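Protein chains in written order, with this note's numbering: chain A, 1 to 110; chain B, 1 to 114.
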């Protein structure tokens, strides 16, 4: 099985940088997803890490350490529209068995 | 129509009713999923279908019955539900052979069981 932990809520200031951490314990781990979900909307894909290291995609970056069972999502130059829940999810036993964490609700304030 | 479409968006039903949720994907994917999202709980995988065949049933109670007539359509038949089944039910699709296995979600069906 899988166990994924991430903080429940975070608050950050517009224009700042925020890091959302995720730890996982899983057997047969393949890779780590990050999804964004605005209130009342469907989750949308942000990133997928298989190898250790940092992957940058515009204002968003995602990091993975397989040996530590740890990942983070880094959001730079925060904008008000970044207020959303960020879901950490691990895939195991085949790409289609994806287990989600409870999500981190990020509030960006002026 | 693009993406993943779910109907109805909202559903209220009694515990003795029978209803169905429908999902349709226009992405040419060959895998489809049902997830349950409850307040303050992680997204829970319910069922996975690959090329119309069920490949995952995550210990879901039999009052939830999935049906996948083809790779583009997925149904979730509901009967004799309990109030604790009230949740957002999300359908998703993916290209099974694609390495990242990125999930494309529908907007969800908000279910309330009275």
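Note that CB positions come from ideal geometry on N, CA and C, so glycine has one too. Computed from a predicted model, the values in this text were never measured in an experiment.
Inset, instruction - Give a yes or no on whether 8 Å exceeds the smallest Cβ distance from residue 84 (chain A) to chain B. - result: No, residue 84 (chain A) lies away from the interface with chain B (no Cβ there is under 8 Å from its Cβ).
Legend entry - Same chain, Cβ closer than 8 Å to residue 109 (chain A), neighbours up to 5 away in sequence not counted: Excluding residues within five positions, the ones whose Cβ falls inside 8 Å are 11, 12, 13, 14.
Legend entry - Cβ of residue 113 (chain B) within 8 Å of any chain A Cβ: no
Legend entry - Coarse secondary structure for residue 80 (chain A), derived from DSSP in three states: In the three-state scheme derived from DSSP, where H, G and I count as helix and E and B as strand, residue 80 (chain A) is classed as helix.
Inset, instruction - Kindly indicate if chain A contains any beta-carbon less than 8 Å away from that of residue 38 (chain B). - result: no
Legend entry - Under 7 Å (Cβ pairs) to chain A, residues found in the stretch 15-44 of chain B: 31, 40, 41, 42, 43
Legend entry - Residue from A:62, A:99, A:85 with nearest C-alpha to residue 9 (chain A): For the set A:62, A:99, A:85, the Cα lying nearest the Cα of residue 9 (chain A) is the one of A:85.
Inset, instruction - Round the Cβ separation of residue 92 (chain B) and residue 30 (chain B) to the nearest angstrom and send it over; I've been treating them as touching at under 8 Å. - result: Actually they are not in contact, since the Cβ atoms of residue 92 (chain B) and residue 30 (chain B) sit about 13 Å apart, beyond 8 Å.
Inset, instruction - Could you tell me whether any Cβ in chain B is nearer than 8 Å to the Cβ of residue 51 (chain A)? - result: no
Inset, instruction - Consider the Cβ of residue 94 (chain B): report whether some Cβ of chain A lies at a distance smaller than 8 Å. - result: yes
Inset, instruction - Check whether the Cβ of residue 12 (chain B) lies closer than 8 Å to any Cβ atom in chain A. - result: no
Legend entry - Spatial distance of residue 105 (chain B) from residue 58 (chain A) (CA atoms): 23 Å
Inset, instruction - Report yes if the CB atom of residue 73 (chain B) is closer than 8 Å to the CB atom of residue 24 (chain B), and no otherwise. - result: Yes, Cβ-Cβ distance for residue 73 (chain B) and residue 24 (chain B) is below 8 Å.
Inset, instruction - Look up residue 87 (chain B) in the DSSP assignment and give the residues it is bridged to. - result: B:111
Legend entry - chain A contact for residue 48 (chain B) (CB, 8 Å cutoff): Closer than 8 Å: yes.
Legend entry - Nearest candidate by alpha-carbon position, reference residue 58 (chain B), set B:46, B:69, B:26: Closest option to residue 58 (chain B), judged by alpha-carbon separation, among B:46, B:69, B:26: B:46.
Inset, instruction - Answer yes or no: does any C-beta atom of chain B fall closer than 8 Å to that of residue 97 (chain A)? - result: Output row for residue 97 (chain A): interface = yes.
Legend entry - Cut-off 8 Å between Cβ atoms - residues of its own chain near residue 13 (chain B), not counting five sequence neighbours on either side: 19, 78, 81, 111, 112, 113, 114
Inset, instruction - Mind listing, in chain order, the continuous alpha helix (DSSP H) runs of no fewer than 4 residues lying wholly within the stretch 28-81 of chain A? - result: none
Legend entry - Interface flag, residue 102 (chain B) vs chain A, CB-CB below 8 Å: In terms of beta-carbon proximity, residue 102 (chain B) lines the interface with chain A, with at least one pair separated by less than 8 Å.
Inset, instruction - Please state whether DSSP places residue 101 (chain A) in a helix, a strand or coil. - result: coil
Inset, instruction - Closer than 9 Å by beta-carbon distance: list the chain A residues that pair up with residue 90 (chain B), in chain order. - result: 42, 43
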